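Heads up: the structure comes next, in structure tokens.
4 protein chains.
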Amino acid sequence: MRVGLLNATGYTGAEVIRFASGHPEFVLVGVTARSQAGQTLGAVLPWVRASPRPAYADLVLTPELNGSFDLIVSCLPHEVSAEKLAPFIASGVPAVDVSPDFRLQDLAEHRRWYGEHHAPQHRGAAEYGLTETHRAALRHTKLVANPGCHAITAELALVPALAAGLVAPNVIVDSKTGVSGAGRSAALEFGFSEVNENARPYKVAAHRHGPEIAQELTRAAGRRVEVTFVPTLVPMSRGILTTAYATLRDGVTPAAVAHAYHETYDGEQFVHVVDEPPQTKWTTGTNHCFVSCVVDEANRVLVAMAATDNLGKGAAGGALQNANVMLGLDESAGLGVPPSYP
Amino acid sequence: MRVGLLNATGYTGAEVIRFASGHPEFVLVGVTARSQAGQTLGAVLPWVRASPRPAYADLVLTPELNGSFDLIVSCLPHEVSAEKLAPFIASGVPAVDVSPDFRLQDLAEHRRWYGEHHAPQHRGAAEYGLTETHRAALRHTKLVANPGCHAITAELALVPALAAGLVAPNVIVDSKTGVSGAGRSAALEFGFSEVNENARPYKVAAHRHGPEIAQELTRAAGRRVEVTFVPTLVPMSRGILTTAYATLRDGVTPAAVAHAYHETYDGEQFVHVVDEPPQTKWTTGTNHCFVSCVVDEANRVLVAMAATDNLGKGAAGGALQNANVMLGLDESAGLGVPPSYP
Amino acid sequence: MRVGLLNATGYTGAEVIRFASGHPEFVLVGVTARSQAGQTLGAVLPWVRASPRPAYADLVLTPELNGSFDLIVSCLPHEVSAEKLAPFIASGVPAVDVSPDFRLQDLAEHRRWYGEHHAPQHRGAAEYGLTETHRAALRHTKLVANPGCHAITAELALVPALAAGLVAPNVIVDSKTGVSGAGRSAALEFGFSEVNENARPYKVAAHRHGPEIAQELTRAAGRRVEVTFVPTLVPMSRGILTTAYATLRDGVTPAAVAHAYHETYDGEQFVHVVDEPPQTKWTTGTNHCFVSCVVDEANRVLVAMAATDNLGKGAAGGALQNANVMLGLDESAGLGVPPSYP
Amino acid sequence: MRVGLLNATGYTGAEVIRFASGHPEFVLVGVTARSQAGQTLGAVLPWVRASPRPAYADLVLTPELNGSFDLIVSCLPHEVSAEKLAPFIASGVPAVDVSPDFRLQDLAEHRRWYGEHHAPQHRGAAEYGLTETHRAALRHTKLVANPGCHAITAELALVPALAAGLVAPNVIVDSKTGVSGAGRSAALEFGFSEVNENARPYKVAAHRHGPEIAQELTRAAGRRVEVTFVPTLVPMSRGILTTAYATLRDGVTPAAVAHAYHETYDGEQFVHVVDEPPQTKWTTGTNHCFVSCVVDEANRVLVAMAATDNLGKGAAGGALQNANVMLGLDESAGLGVPPSYP
């Protein structure tokens, strides 16, 4: 299958290449970049020569995609992504949008957080791409809105509890994240000397993934859920650890919590319910997520934790998982990359 | 003043030496260690030669303190600390205990978390050593129970809101910590390859600093406060960032929150209320703390954040600050070490 | 093919599992450990559930290997490795020894650096396992002595220059290494707080890989080569960067140097000669090596640089590459893991 | 004494503030910045509030220095530095130039590496500011050319051996450096995700500090010394570890080497000759340097190692040490900051 990748040289685009280099069906035939157009992929990302498809290093980056494609993956920033995807969507080419352009169902909310939408005519065609909670719909769409990295991790942590009605609809999501989520670009605040030996919250209760999490938790709960979302940058390249807090409803036992989580995830190949607290390092470079719960009886609080790789399950891995489902392939195709431990 | 330091070669002991090397009144005359007894301080900690008192490198580590002292600082582990301090306390030598032995007022709670107390006769003599909230009492004691590193940071974050009655008495404390708090000892789980590129919660809602935080927040609030305390290890050597969450009482405005925090801390030289989210790097190597609040109106949640150096304000710095107050010295003596940025 | 792995829970053993989980022919049927015997692999290494063979998590660690095997890989420490491998070697089971027990050809040198040899009767059967320089011999052996991680990287950097007689036989090897090479064990000196923000040389001109490098460079040069080998620990989990220095013979041009390196490696799939200085990050988690040379004309010095992952090409990756060659399989089987960038 | 600081908000400028905040004589009265002009120092560097002179946080950054000064420290980039310092030099104000503008004595060399000189009329007035080797001259100058960070470390490692004629005049300098030396600016290549878990050489045998090292080693040796200088970026914020290699002259013994180093440095308060390999962490945040030598008898190579903090002794610390000497103050004034260990 001929795959085109929009914005191949950011961290998410690079991670799509990384997974795609081991995909049994996908062949990368077009890769775009803006400032590096004209260079080969190998000139910008020399490690591609050490991937399972070293020939990808010879692909020339172009400003636009030309030719025919069986799948488009867009790692462009918002606004641009919808704009560049629009012609492909219009002509029926299956597409996965890793940008936030098609995530929020409420157009007013989208405008508030992201500004004007550049392809509003296609909003109705998109399905939200958390495979585990939207798998059925994803089988019948041609446009996937891939979730945000914080959102994926928070939703995997909290959906079982809210869907089963175990907690009150006011939740707190404290998300520790590595730096690669900020993208591959020059910025003082993400310089090594600024990030190393530092922990700092940012966009406190004001981050764009907040409304996205609320939308999906509301969908799971069947009623309005309020979310206080606080991301914190910690000195890692990869990894998101979400610690979510919610007030347990009266009478809910630890056993009931465990039952809900196991029932939701025991059939999933990429989500693992474990007894000990999850570690991001268990997921590095993969499409996997580890989830664990603790009940604080004295305070009647559920502590739900989830660990992912923000570039893996949190972006490129999830994108390929969604593409596999959308295209009727084996859901795990290309995703058999072992974690990088230690 | 002649100072004796129990367990000088752990990270907290080393940090006491670091601050003491610039203290105008203190002279370190006795330093103990267990397995390294007989060696010089410089053999174990070569960097002492690069401190303002390089002669400290020639101090010989002994198993016990001998001679007379004007101040004892204990960085021993719990149980041993109370036991070794007891004779000094009995003979009236001012002491700061950096261990948890004298922190919890409720003996049953102490036994639950730490086991049998080894100097119960002295429990009544101890004052809890968060200088900012216990300064008056510290002026009249001879035994300071220095707080835990998570506890100091959490209390500085939440005391103003609870003391002013702005929030409900059920709080969540999510604390991101560097590794040095685990001490200077051989342990696989704190090895570089395990900690680097990893975030992991530990002792979820089951950490010993939980009851300590609850004790002090209860004291501040004047009523029972329940705390869900979750520490997370992140890949830093130094630093604690606490993000605390509490439900705002009806009618409480952001202005009321800001007022409470400024009123509490504007006269303090080591606690700074700031508008932007605090960063641990601003405090590295110092006795300072930065505090900031955000109000999430939609969810009616107060997000209170505090950043410290777990070895500085969170341990050795706070210990010297308390010693200064107890001994009637300038509260900031020896604490004029600039932060190590970047 | 039935594979048995001795000492499965150290970092090198874990990396063998990591690569083996994607190998088309190998099936891991026996895994040993000492202190964790009786536990499952998944209990010790939870991330195995996120590998392409999650069922490996249910393998029970045993003190010894039982049953029949088509391949044994030993990640035991020296002395023990030779001892435990001896019966398998004796009965003709193909084996790869990742320990140094069969690396040094001179028994006196072996005794000097490693002590008494525990299976001297099998020393003659072993072939040194740097595939690129010993491929022909490896096809006809049943016992591979896998090289040391520093040695692999240094030899890949210098063999072409010495084999072509471009430099004098006195070389300097300055090797920067991540910490995982020290193994997965409790040790203060490899604790995060000791390693982070630190660079420190160790075993200066006195490291066991020194004589191994000298042996192989001597073999390549056809005359005695002296090596000054200095390893430096830098704050990374994975990666070795070797910078080697040698005096150019009169008349040797940069073009002659480039020719020698390209001629040696252009047919190799795991070694890449590049123009810019190599980065360890390009190799993270893989069996690849990047090599680059600079000629300092003024000082007539060749600077030869090589970057690998010490656990990949430097240990477990190289071990599987050797096993593939020894067993007549595709040399790259199981080694198609893309690098983990960033 | 009134001190003006040019370019206060880069890492070197910030480090000057850090040391100056504890200097007994210096009062910072002017601080310049380009893009942040108009802001307070505390707005750009919030940690200044946690320094011994929190009032410095209220200093307003200006584009130029105005008023009278007893000392100017310039942390401007080259070319600009000479240009901005020229009027102060002309009017006799003592100045320390942390830029490379006055380091190279040979104007042709300066032009080759740095381009046209912007204040050639003042070149003759400058003294090279490695205090330990130029102290006498520094007492009688009004313009100090502060050395480069790699150069300082390399010179401290090699000067004793070359001055005593113990080694041949062809040396290799392999320098491992933290990232802060690259300055405080937005650049992809110094982003956390690029630097973390990576080691990479840069400007191999083509770095500007090479000719500077050669100049000073030549001066020490009394004959032309050739230097192959290779810097490598490792994932640290602070610290330089230099490993230097030189061929021992016939008959030179380890004892002769030790004697030369101790004789050179035993009277110095900021340079420490030690037996074990030096670690950068021993120097973090200070003006100190640790030096150690190993003789490789078999290869007749001297391995001379030195560890500093690139921002401390390698830049701002050395600058204040030089200023103290130039102004007749206690050489160690303001430099009594203990290292930040761990």
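Going down the list, the protein sequences come from chains A, B, C and D. Residue numbering for the first sequence follows numbering that gives the first Met the number 0, beginning at 0 and increasing consecutively. Residue numbering for the second sequence follows numbering that gives the first Met the number 0, beginning at 0 and increasing consecutively. Residue numbering for the third sequence follows numbering that gives the first Met the number 0, beginning at 0 and increasing consecutively. Residue numbering for the fourth sequence follows numbering that gives the first Met the number 0, beginning at 0 and increasing consecutively. Glycine included, each C-beta is placed from N, C-alpha and C at the ideal position. Computed from a predicted model, the values in this text were never measured in an experiment.
Exercise for review: Kindly list the residues whose CB is nearer than 6 Å to the CB of Pro-159/C, restricted to its own chain and excluding five residues on each side of it in sequence; keep chain order.
Suggested key: Here residue 159/C corresponds to residue number 160 of the third sequence, with the count starting at 1. Once the five neighbours on either side are set aside, the close Cβ partners of Pro-159/C are Ala-259, Tyr-260, Thr-263.
Point to revise | Presumed contact (8 Å Cβ cut-off) between Glu-215/D and Glu-126/D, rounded CB distance | key: Against the fourth sequence, residue 215/D aligns to sequence position 216. Against the fourth sequence, residue 126/D aligns to sequence position 127. At roughly 12 Å, the Cβ-Cβ gap does not stay under 8 Å, so Glu-215/D and Glu-126/D are not in contact.
**Study point:** As assigned by DSSP and simplified to three states, the class of Asn-286/B
**Key:** Working through the second sequence from its first residue, we reach residue 286/B at position 287. Residue state, collapsed to three classes: coil.
Point to revise | Beta-carbon separation (whole angstroms), Leu-40/B vs Leu-58/B, contact threshold 8 Å | key: Translated into the one-based positions of the second sequence, residue 40/B becomes position 41. Translated into the one-based positions of the second sequence, residue 58/B becomes position 59. Leu-40/B to Leu-58/B, Cβ: 5 Å. Contact.
Review point. How would you list, in chain order, the residues of chain C whose beta-carbon sits under 9 Å from the beta-carbon of Gly-37/B?
Key: If you number the second sequence from 1, residue 37/B lands on position 38. What Gly-37/B touches in chain C: nothing, since even the nearest Cβ is about 18 Å away.
Practice item. Just the C-alpha distance for Pro-276/A and Gly-37/C, rounded to the nearest angstrom, thanks. Key: Counting from 1 along the first sequence, the entry for residue 276/A is found at position 277. Counting from 1 along the third sequence, the entry for residue 37/C is found at position 38. If I take the Cα positions, the gap works out to 22 Å.
Check your understanding: Over what stretch of residues does the alpha helix (DSSP H) that includes Gly-41/A continue unbroken?
Key -> As a first step, residue 41/A is located in the first sequence; it is residue number 42 there, counting from the start. Counting along the chain, the alpha helix (DSSP H) containing Gly-41/A begins and ends at 40–43.
Exercise for review: Would you please verify whether the beta carbon of Ala-198/D is less than 7 Å from any beta carbon of chain B?
Suggested key: As a first step, residue 198/D must be located in the fourth sequence, where it is residue number 199. Chain B contact via Cβ: absent.
Exercise for review: Note down, one range per segment and in chain order, each alpha helix (DSSP H) of at least 4 residues found wholly within the stretch 78–122 of chain A.
Suggested key: 79–89, 106–113
Practice item. Note down the Cα distance separating Ala-306/C from Val-194/D, rounded to an integer number of angstroms. Key: As a working note, residue 306/C is residue 307 in the third sequence. As a working note, residue 194/D is residue 195 in the fourth sequence. The straight-line gap from Cα to Cα measures roughly 15 Å.
Point to revise | Alpha-carbon spacing of Ala-181/D relative to Asp-96/D, whole angstroms | key: Here residue 181/D corresponds to residue number 182 of the fourth sequence, with the count starting at 1. Here residue 96/D corresponds to residue number 97 of the fourth sequence, with the count starting at 1. Cα to Cα, Ala-181/D sits roughly 17 Å from Asp-96/D.
Point to revise | Candidates Asn-321/A, Pro-341/A, Met-325/A, Leu-240/A, of which the one nearest Ser-291/A by Cα | key: Here residue 291/A refers to the residue found at position 292 when the first sequence is read from its first residue. Cα-wise, what sits closest to Ser-291/A is Leu-240/A.
Exercise for review: Using DSSP bridges, identify the partner residues of Asn-169/D.
Suggested key: Translated into positions along the fourth sequence, residue 169/D becomes position 170. Its beta-bridge partners are Glu-225/D.
Review point. Under a Cβ-count criterion, where at least 16 other Cβ atoms within 10 Å of its own Cβ denotes burial, should Ser-192/A be classed as buried or exposed?
Key: For the purposes of this step, residue 192/A is taken as the residue at position 193 of the first sequence. Result: buried.
Review point. Sorted by chain position, which residues of the same chain lie with C-beta nearer than 7 Å to His-109/A's C-beta, five sequence neighbours on each side aside?
Key: Within the first sequence, residue 109/A is the residue found at index 110, counting from 1. Around His-109/A: Leu-103, His-116.
Check your understanding: Out of curiosity, what's the CA-to-CA distance linking Met-235/B and Leu-232/A?
Key -> Taking the second sequence and counting its residues from 1, the one referred to as residue 235/B is at position 236. Taking the first sequence and counting its residues from 1, the one referred to as residue 232/A is at position 233. Cα-Cα distance, rounded: 12 Å.
Practice item. Give the DSSP bridge partners of Pro-230/A, in chain order. Key: Within the first sequence, the letter at position 231 stands for residue 230/A. For Pro-230/A, which the question treats as bridged, DSSP gives the partners Ser-174/A.
Exercise for review: Assign Ala-220/B to one of two classes, buried (16 or more other C-beta atoms within 10 Å of its C-beta) or exposed (fewer than that).
Suggested key: For this step, residue 220/B is matched to residue 221 along the second sequence. Ala-220/B is buried by the Cβ-count criterion.
Review point. Is there a Cβ from chain B that is less than 7 Å from the Cβ of Ser-192/C?
Key: Here residue 192/C corresponds to residue number 193 of the third sequence, with the count starting at 1. True, the Cβ-Cβ gap to chain B drops below 7 Å.
Exercise for review: Within its chain, find whatever has a CB closer than 7 Å to the CB of Asn-197/D; leave out the 5 residues flanking it on each side and keep chain order.
Suggested key: As a working note, residue 197/D is residue 198 in the fourth sequence. These residues qualify, in order along the chain: Pro-234.
Practice item. Could you pull the start and end residues of the beta strand (DSSP E) that Glu-275/D belongs to? Key: If you number the fourth sequence from 1, residue 275/D lands on position 276. Premise fails: Glu-275/D is in no beta strand (DSSP E) and is neither H nor E.
Review point. Is the CB of Tyr-340/C under 7 Å away from at least one CB in chain A?
Key: Here the question's residue 340/C lines up with position 341 in the third sequence. Yes, its Cβ sits closer than 7 Å to a Cβ of chain A.
Practice item. Measure the beta-carbon distance from Ala-332/A to Pro-23/A and round it to whole angstroms, keeping in mind my assumption that it falls under 8 Å. Key: Mapped onto the first sequence, residue 332/A falls at position 333. Mapped onto the first sequence, residue 23/A falls at position 24. So it is a contact: roughly 6 Å between Cβ atoms.
Review point. Name the DSSP beta bridge partners of Ser-50/D, please?
Key: Counting from 1 along the fourth sequence, the entry for residue 50/D is found at position 51. Answer is none; Ser-50/D lacks a bridge partner.
Check your understanding: Glu-24/B bridges to which residues according to DSSP?
Key -> Along the second sequence, one-based indexing puts residue 24/B at 25. Per DSSP, none; premise fails for Glu-24/B.
Exercise for review: Please decide whether Arg-17/C counts as near chain A, where near means a Cβ-Cβ distance under 7 Å.
Suggested key: Position 18 of the third sequence, counted from the start, is the residue given in the question as residue 17/C. By this cut-off, Arg-17/C is an interface position.
Check your understanding: Nearest to Pro-45/B by alpha carbon, out of Leu-27/B, Arg-17/B, Cys-288/B?
Key -> On the second sequence, position 46 is the one that residue 45/B refers to. When each option's Cα is compared against that of Pro-45/B, the closest is Arg-17/B.
**Study point:** Pairwise C-alpha distance: Val-294/D and Leu-165/D
**Key:** Counting from 1 along the fourth sequence, the entry for residue 165/D is found at position 166. Counting from 1 along the fourth sequence, the entry for residue 294/D is found at position 295. Taking the straight line joining both Cα atoms gives about 12 Å.
**Study point:** Exposure label - Gly-335/C; buried when at least 16 CB within 10 Å
**Key:** In the third sequence, residue 335/C corresponds to position 336, counting from 1. It is buried - the Cβ of Gly-335/C has at least 16 other Cβ atoms within 10 Å.
Point to revise | C-beta atoms of Ala-94/B and Leu-60/B nearer than 7 Å | key: By 1-based counting over the second sequence, the position of residue 94/B is 95. By 1-based counting over the second sequence, the position of residue 60/B is 61. No, the pair does not count as a contact, with Cβ atoms beyond the cut-off.
Review point. Sorry if obvious, but does the Cβ on Ala-315/D come closer than 6 Å to a heavy atom of the ligand ADP?
Key: The model on display carries no ligand, and the ligand ADP is accordingly not part of it.
Review point. Using 7 Å as the limit for Cβ to Cβ distance, is Leu-187/A near chain B?
Key: Reading the first sequence from its first residue, position 188 is the one you call residue 187/A. Chain B, which has no Cβ nearer than 7 Å to the Cβ of Leu-187/A, makes this no.
Review point. Count the other CB atoms within 10 Å of the CB of Ser-339/A; is the residue buried (16 or more) or exposed (fewer)?
Key: For this step, residue 339/A is matched to residue 340 along the first sequence. The residue is buried, with at least 16 neighbouring Cβ atoms inside 10 Å.
**Study point:** Within-7 Å CB hit, Ser-179/B to chain C
**Key:** Indexing the second sequence from 1 puts residue 179/B at position 180. With 7 Å as the cut-off, Ser-179/B counts as an interface residue toward chain C.
Review point. In its own chain, which residues sit with a C-beta less than 8 Å from the C-beta of Arg-48/C, not counting the 5 before and 5 after it?
Key: Walking along the third sequence from the start, residue 48/C turns up at place 49. For Arg-48/C, where only same-chain residues beyond five positions count, the Cβ hits under 8 Å are Gly-41, Ala-56.
Check your understanding: Taking Cβ-Cβ distances below 7 Å as the criterion, which residues of the stretch 236–250 of chain B are in contact with chain A?
Key -> Ser-236, Arg-237, Gly-238, Leu-240, Thr-242, Tyr-244
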